[in-house]
Amino acid sequence: MSFETFPISKFCKLECHFTWSLREEADFVLCDLLNRLEEQIQLECKEARVTRAYSSLGFIQYLYGNQQEALANLQKSVELAKEHYKDSDEVLIVTYGDLAWLHYHINEFSKCEEYLRELERICRKFSEGFTYTVEVLREKAWTFLKFSDKYSHAAKECFRQALEMNLDDSDLNAGYAIALYRTTKDTPDSSDSPTIKQLERAIELNPDDAVLLLLLALRMLNIRDDKTFQPALKKVIVALRMSPESPHIIRYTAKFFHQVGNMDIAINLLEDALQATPNSAFIHHWLCKAKINIKESDEIQQYLDVCIYHLDRASTLKPSFVNAVADLALHHGQLGSFKADRLFDEAFKLAYNEKKHLQAVHCLCGQYQLYYRRSEPLAFHHFMQGLRLTNLLRIKWLKSPDDGMVCGIQGFIHEVKGEKLKAEEFYERALKNGLNFGKYNHKFLFNLF
Numbered sequence: 001m002s003f004e005t006f007p008i009s010k011f012c013k014l015e016c017h018f019t020w021s022l023r024e025e026a027d028f029v030l031c032d033l034l035n036r037l038e039e040q041i042q043l044e045c046k047e048a049r050v051t052r053a054y055s056s057l058g059f060i061q062y063l064y065g066n067q068q069e070a071l072a073n074l075q076k077s078v079e080l081a082k083e084h085y086k087d088s089d090e091v092l093i094v095t096y097g098d099l100a101w102l103h104y105h106i107n108e109f110s111k112c113e114e115y116l117r118e119l120e121r122i123c124r125k126f127s128e129g130f131t132y133t134v135e136v137l138r139e140k141a142w143t144f145l146k147f148s149d150k151y152s153h154a155a156k157e158c159f160r161q162a163l164e165m166n167l168d169d170s171d172l173n174a175g176y177a178i179a180l181y182r183t184t185k186d187t188p189d190s191s192d193s194p195t196i197k198q199l200e201r202a203i204e205l206n207p208d209d210a211v212l213l214l215l216l217a218l219r220m221l222n223i224r225d226d227k228t229f230q231p232a233l234k235k236v237i238v239a240l241r242m243s244p245e246s247p248h249i250i251r252y253t254a255k256f257f258h259q260v261g262n263m264d265i266a267i268n269l270l271e272d273a274l275q276a277t278p279n280s281a282f283i284h285h286w287l288c289k290a291k292i293n294i295k296e297s298d299e300i301q302q303y304l305d306v307c308i309y310h311l312d313r314a315s316t317l318k319p320s321f322v323n324a325v326a327d328l329a330l331h332h333g334q335l336g337s338f339k340a341d342r343l344f345d346e347a348f349k350l351a352y353n354e355k356k357h358l359q360a361v362h363c364l365c366g367q368y369q370l371y372y373r374r375s376e377p378l379a380f381h382h383f384m385q386g387l388r389l390t391n392l393l394r395i396k397w398l399k400s401p402d403d404g405m406v407c408g409i410q411g412f413i414h415e416v417k418g419e420k421l422k423a424e425e426f427y428e429r430a431l432k433n434g435l436n437f438g439k440y441n442h443k444f445l446f447n448l449f
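Take the sequence shown: its position 339, counted from the start at 1, is 339 in the UniProt record's numbering, and no numbers get skipped.
#1: Please classify G411 as buried or exposed, where buried requires at least 16 other C-beta atoms within 10 Å of its C-beta.
#2: Along the chain, where does the alpha helix (DSSP H) containing C45 start, and where does it finish?
#3: Roughly how many angstroms separate the alpha carbons of L270 and A81, rounded to a whole number?
#4: Can you tell me which of F426, H284, D186 and Y64 puts its alpha carbon nearest to the alpha carbon of A254?
#5: Would you check if the distance between the CB atom of Y96 and the CB atom of Y115 is smaller than 9 Å?
#6: Looking at the structure shown, is residue 458 part of a helix, part of a strand, or coil, going by DSSP?
#7: First and last residue of the alpha helix (DSSP H) that includes G65?
#8: Provide the residue span of the alpha helix (DSSP H) that contains V325, from first to last.
#9: Could you give the distance in angstroms between the alpha-carbon of N323 and the alpha-carbon of L335?
#10: Within its chain, find whatever has a CB closer than 6 Å to the CB of D327; leave out the 5 residues flanking it on each side and keep chain order.
#11: Among L30, A179 and F344, which one has its Cα closest to the Cα of Q161?
#12: Excluding the 5 residues flanking V238 on each side, which residues of the same chain have their C-beta closer than 7 Å to its C-beta?
#13: From the DSSP output, in three-state form, read off W20 for me.
#14: Do the segment 199 to 216 and the segment 227 to 244 make contact, defined as three or more Cβ pairs closer than 8 Å?
#15: For N107, count neighbouring C-beta atoms within 10 Å of its own C-beta (all shown protein chains included) and say buried if the count is 16 or more, exposed if not.
#16: Measure the C-alpha to C-alpha separation of F338 and L14 and round it to an integer number of angstroms.
#17: Rounded to whole angstroms, what is the Cα-Cα separation between T228 and V236?
#18: Distance, Cα to Cα, S77 vs N206?
#19: Could you check which residue in L421, L431 and G386 has the C-alpha nearest to that of C407?
#20: Check whether the Cβ atoms of I41 and V29 lie closer than 9 Å to each other.
#21: So for C112, helix, strand or coil by DSSP?
#22: Identify which residue in H362, K291 and L145 has its Cα closest to the Cα of A329.
#23: Around the C-beta of L274, are 16 or more other C-beta atoms found within 10 angstroms, so that it is buried, or is it exposed?
#24: Determine the contact status of D264 and F147, defining contact as a CB-CB distance below 9 Å.
#25: Give me the Cβ distance between L221 and I203, rounded to the nearest whole Å; I'm assuming they're in contact under 8 Å.
#26: Would the beta-carbon of N262 fall within 9 Å of that of N35?
#27: State yes or no: is the C-beta of T195 within less than 9 Å of the C-beta of H153?
#28: When DSSP labels each residue in this structure, what does G261 get in the three-state scheme?
#29: For E90 versus T131, is the C-beta spacing smaller than 9 Å?
#30: Relative to the alpha-carbon of D272, which residue among Q75, P247 and I223 has its alpha-carbon at the smallest distance?
#31: Write down every uninterrupted run of the alpha helix (DSSP H) in the segment 106 to 158 whose length is 4 residues or greater and which is fully enclosed by it, in chain order.
#32: Use the C-beta contact count for C12: other C-beta atoms within 10 angstroms, 16 or more gives buried, fewer gives exposed.
#33: Do M165 and V134 come within 9 Å of each other at the CB atom, strictly closer than that value?
#34: Anyone know if the C-beta pair for Q259 and L287 falls short of 9 Å?
Here it is, written out as structure tokens:
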């Protein structure tokens, strides 16, 4: 068979990585995703779900131009699926589609036809019921969750549709809970939150899933009720006992202690996690934030180099990490380095391209201009640009006027406008409602954004 005679119309209907519009430059960074998939394979090497990671890694290797490595990873996914699953057909639908596309791209049309026939056989096998559709939605949803935060809403919708056909599936319930956690934000009056309810449902079906326990504990902190802290802490302890060496568990535990203000524990946990996953941009960024928050002003200088190292690693591992680049720029500004200007230019470019975090970059740049360049006009310009991006804040203000973060930002707005008394009022309300400004109250922007 030749390229001219190949049945491309039915080929394009396949459900797989090649047809899901996974846009490399627009939505994710190859090197970062490659690191995360390799880390996942290392951590889940004995678990059945590792087949999913090998399938995604095959697609990433194809994007890198490593066709033979792509083929090897996809074949490894098939091999492990047949080893782990009694009936592997349902979990191989997406992988067979990937293999068909890969062989098409390397002009091996006979091999491509073989996988198309396999898919036709599986489709006939599951022609009655929802199995075929559910499995495609399952793989698509988990892929979206793994590849990019920009796909979280799409992942949530895929999980929701799949659960309508298989309500008690433990894996789908876990995925839906994670997707809800990523796409929603609860306020102090959110005790009946759909996200919390779904996390509880997922834990009921997956009692040994430590990640779900930690996500529930983190979300419970948002309620800011004295009665919820101890139950949340107990969940953290149980999760740590389940998987004491898992870098994911350590990372989420560190985030928990960071949010409750115990920076020493957070730093120790993050440093342990970094030993296991040295290429995690997320951990490098959080480690910097935790370290700078616990030090008194006369100790900051000795920690700036450490923070810059971690931020530099984070932005290198994930070049599209807007917040890490902007934080790195601000830290260089504290040292008096003119690298700060170049890094802020880069952060603005990324924020415009990513269409997010622009307000945070303006506010950090305003702080840089005000405190380190002593340029009040430029500082005022960036603060005002940030204020123009407050439409979402006004919406959140109407929904939750006592939220600590909302009060903190409202206080900042009044301070920039010169309304000192109103600013103090909102800052007091922010502190009362749980917002931690850290020990640098005059540098409130660093903590708010």
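Ideal Cβ positions, reconstructed from N, Cα and C, are used throughout, including at glycine.
For clarity, every value in this text was computed on a predicted model and none was experimentally measured.
In short, the structure shows the following:
#1: Burial call: buried.
#2: First-last for C45: undefined, no H or E at that position.
#3: One C-alpha to the other measures close to 33 Å.
#4: H284
#5: Yes, the pair counts as a contact, with Cβ atoms nearer than the cut-off.
#6: Examination of residue 458 is not possible in this model, given that the chain is present from 1 through 449 alone.
#7: Element bounds for G65: n/a, residue is neither H nor E.
#8: V322 to Q334
#9: 19 Å
#10: L311.
#11: Closest in C-alpha terms to Q161, from the list L30, A179 and F344, comes A179.
#12: L213
#13: coil
#14: yes
#15: Flag for N107 reads exposed.
#16: Whole-angstrom Cα-Cα distance: 51 Å.
#17: T228 and V236: Cα-Cα distance of roughly 13 Å.
#18: 24 Å
#19: It is L431.
#20: no
#21: helix
#22: H362
#23: Buried, by the Cβ-count rule.
#24: no
#25: Actually they are not in contact, since the Cβ atoms of L221 and I203 sit about 17 Å apart, beyond 8 Å.
#26: No, the pair does not count as a contact, with Cβ atoms beyond the cut-off.
#27: Contact flag unset, no.
#28: coil
#29: A distance below 9 Å separates the beta carbons of E90 and T131.
#30: P247
#31: 109 to 125 and 131 to 147
#32: By the 10 Å Cβ count, C12 comes out exposed.
#33: yes
#34: no
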